[in-house]
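In this text, residue positions in the sequence shown follow our numbering: the first is 31, and each later residue adds one.
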Amino acid sequence: EPTVRTELMEQIPPIAIFLQESRPNFPTAFFEYLMPIVVRYLTDVNNQVRKAGQEALLILLEQDLVAQSDIENKVCPILLDLSAPDSDDEYKVEAVNIICKMASMLSRTTVEHMLLPRFCELCSDGKLFQVRKICAANFGDICNAVGQEATERLLIPKFFELCSDSVWGMRKACAECFMAVSYTTSPEVRRSKLSPLFISLISDTCRWVRQAAFQSLGPFISTFANPSSAGLYIREDGTLSIRPSTQDVNSNSCQPSRNVTLVPSSANTT
Numbered sequence: 031e032p033t034v035r036t037e038l039m040e041q042i043p044p045i046a047i048f049l050q051e052s053r054p055n056f057p058t059a060f061f062e063y064l065m066p067i068v069v070r071y072l073t074d075v076n077n078q079v080r081k082a083g084q085e086a087l088l089i090l091l092e093q094d095l096v097a098q099s100d101i102e103n104k105v106c107p108i109l110l111d112l113s114a115p116d117s118d119d120e121y122k123v124e125a126v127n128i129i130c131k132m133a134s135m136l137s138r139t140t141v142e143h144m145l146l147p148r149f150c151e152l153c154s155d156g157k158l159f160q161v162r163k164i165c166a167a168n169f170g171d172i173c174n175a176v177g178q179e180a181t182e183r184l185l186i187p188k189f190f191e192l193c194s195d196s197v198w199g200m201r202k203a204c205a206e207c208f209m210a211v212s213y214t215t216s217p218e219v220r221r222s223k224l225s226p227l228f229i230s231l232i233s234d235t236c237r238w239v240r241q242a243a244f245q246s247l248g249p250f251i252s253t254f255a256n257p258s259s260a261g262l263y264i265r266e267d268g269t270l271s272i273r274p275s276t277q278d279v280n281s282n283s284c285q286p287s288r289n290v291t292l293v294p295s296s297a298n299t300t
């Protein structure tokens, strides 16, 4: 019964957290009994069961409850199978979505060696625009996960393809994540490659693409600045933020903390 399997998936994360906190034999119980169920349900015939399995997997990864060996030997192989060229369309869309979401939770080596080649293939998927759109929307996160070298060598060429995609929604998604992609590259790549590419988006024939590009113009320009002198920094979620000045920090010292790292810029220090 699909509803039973769905309910089971929803209970696995709290069970795993309880075992980790309360039982010394957590690894054995989790790896031998619970993790195989999660992996198996990623390929369930019922889409609600699969969705519950995907959500459970992401929670387990976020809580750092999945061993590296299970990630490399069980989770990644399943996702690679589901996102293969001959895979069912629905399974492929779900798999690429999970790959993009879990990239920030895995080690850089795992993402680069196991998932990045498939992600690059999916960026050029000519059959399903939904797959390409997911890749475009999450492009900045993947760049951040693999770092500058892999971004410039493998991902920037794919980003150029997506920015010139025939579907305007793809180009719009690229414009929206442009700052995150730019932040991962070197100043030279930013200047010589990304700047002309951004101009093409801001001059796009579709007004929705142009609008998204104009909204990203300021954040994109900010990636050219020296963070220490401009007072800018990138949060862990990829959003641009401003470091308060020393005067602001002092005047707000009696206010409750908002969990923002308060580091004055060198310009203000001067």
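Note that beta-carbon positions come from the ideal geometry of N, C-alpha and C, so glycine has one too.
Start and end residues, alpha helix (DSSP H) containing E120: In the sequence shown, the residue the question calls residue 120 occupies position 90. Bounds of the alpha helix (DSSP H) holding E120 are 119-132.
Give me, in chain order, the residues of the same chain whose beta-carbon lies closer than 6 Å to that of N76; leave out the 5 immediate sequence neighbours on both sides. Walking along the sequence shown from the start, residue 76 turns up at place 46. The beta carbon of N76 sits closer than 6 Å to the beta carbons of P32 from its chain, once the five residues preceding and following it are set aside; these are given in chain order.
Any idea if S113 is buried or exposed, counting beta-carbon neighbours within 10 angstroms, 16 or more meaning buried? Residue mapping note: residue 113 aligns to position 83 of the sequence shown, counting from 1. Buried: at least 16 other Cβ atoms inside 10 Å.
Between the C-alpha atoms of Q41 and T215, what's the straight-line distance to the nearest angstrom? Stepping through the sequence shown from its first residue, residue 41 is reached at position 11. Stepping through the sequence shown from its first residue, residue 215 is reached at position 185. Annotation: Q41 to T215 spans about 41 Å, alpha carbon to alpha carbon.
Cut-off 6 Å between Cβ atoms - residues of its own chain near A59, not counting five sequence neighbours on either side: In the sequence shown, residue 59 corresponds to position 29, counting from 1. Closer than 6 Å at the Cβ level, and outside the excluded window around A59, lie L49.
8 Å contact criterion, which I128 and L109 should meet: CB distance rounded: Start at 1 with the first residue of the sequence shown, and residue 128 comes out as number 98. Start at 1 with the first residue of the sequence shown, and residue 109 comes out as number 79. With a Cβ gap of about 6 Å, I128 and L109 count as contacting.
Use the C-beta contact count for E124: other C-beta atoms within 10 angstroms, 16 or more gives buried, fewer gives exposed. Sequence index remark: in the sequence shown, residue 124 carries index 94 (1-based). Burial state of E124 is buried, judged by a 10 Å Cβ sphere holding 16 or more other Cβ atoms.
G170 and C193: beta carbons closer than 8 Å? Position 140 of the sequence shown, counted from the first residue, corresponds to residue 170. Position 163 of the sequence shown, counted from the first residue, corresponds to residue 193. No; because the gap between Cβ atoms is not below 8 Å, this pair is not in contact.
Give the C-beta separation of A180 and L146 to the nearest angstrom, bearing in mind that I take them to be a contact with Cβ-Cβ under 8 Å. Along the sequence shown, read from residue 1 onward, the residue named residue 180 stands at position 150. Along the sequence shown, read from residue 1 onward, the residue named residue 146 stands at position 116. So it is a contact: roughly 6 Å between Cβ atoms.
Rounded C-alpha distance that separates R162 from T140: In the sequence shown, counting from the first residue as 1, residue 162 sits at position 132. In the sequence shown, counting from the first residue as 1, residue 140 sits at position 110. Whole-angstrom Cα-Cα distance: 22 Å.
Is there a Cβ from chain C that is less than 8 Å from the Cβ of T235? No chain C is part of this structure, which consists of one protein chain only.
Minimum C-alpha distance to L38 - residue among Y63, E92, S52: In the sequence shown, counting from the first residue as 1, residue 38 sits at position 8. Proximity to L38 across Y63, E92, S52 peaks at Y63, based on C-alpha coordinates.
Three-state secondary structure (DSSP) of E85: Translated into positions along the sequence shown, residue 85 becomes position 55. The answer is helix: DSSP assigns E85 an H, G or I state.
Leaving aside the five residues before and after Q178 along the sequence, list all residues of the same chain whose C-beta is less than 7 Å from its C-beta, in chain order. In the sequence shown, the residue the question calls residue 178 occupies position 148. Same-chain partners within the cutoff: T214, T215, S216.
Please classify P226: is it buried, with 16 or more other beta-carbons within 10 angstroms of its beta-carbon, or exposed? Against the sequence shown, residue 226 aligns to sequence position 196. Here P226 is exposed. Its C-beta has fewer than 16 other C-beta atoms within 10 Å.
Just tell me which of S222, R220, A243 has its CA closest to the CA of S230. On the sequence shown, position 200 is the one that residue 230 refers to. Selected option, being the one with the closest Cα: A243.
Just mark K157 as buried or exposed, buried being the case when its beta carbon has 16 or more other beta carbons within 10 Å. Position 127 of the sequence shown, counted from the start, is the residue given in the question as residue 157. With fewer than 16 Cβ atoms within 10 Å of its Cβ, K157 is classed as exposed.
Close-in-space but distant-in-sequence residues of the same chain around V79 (CB under 8 Å, 5 per side omitted): The count along the sequence shown starts at 1 and reaches residue 79 at position 49. Only P32, R35, T36, M39, Y71 meet the Cβ criterion.
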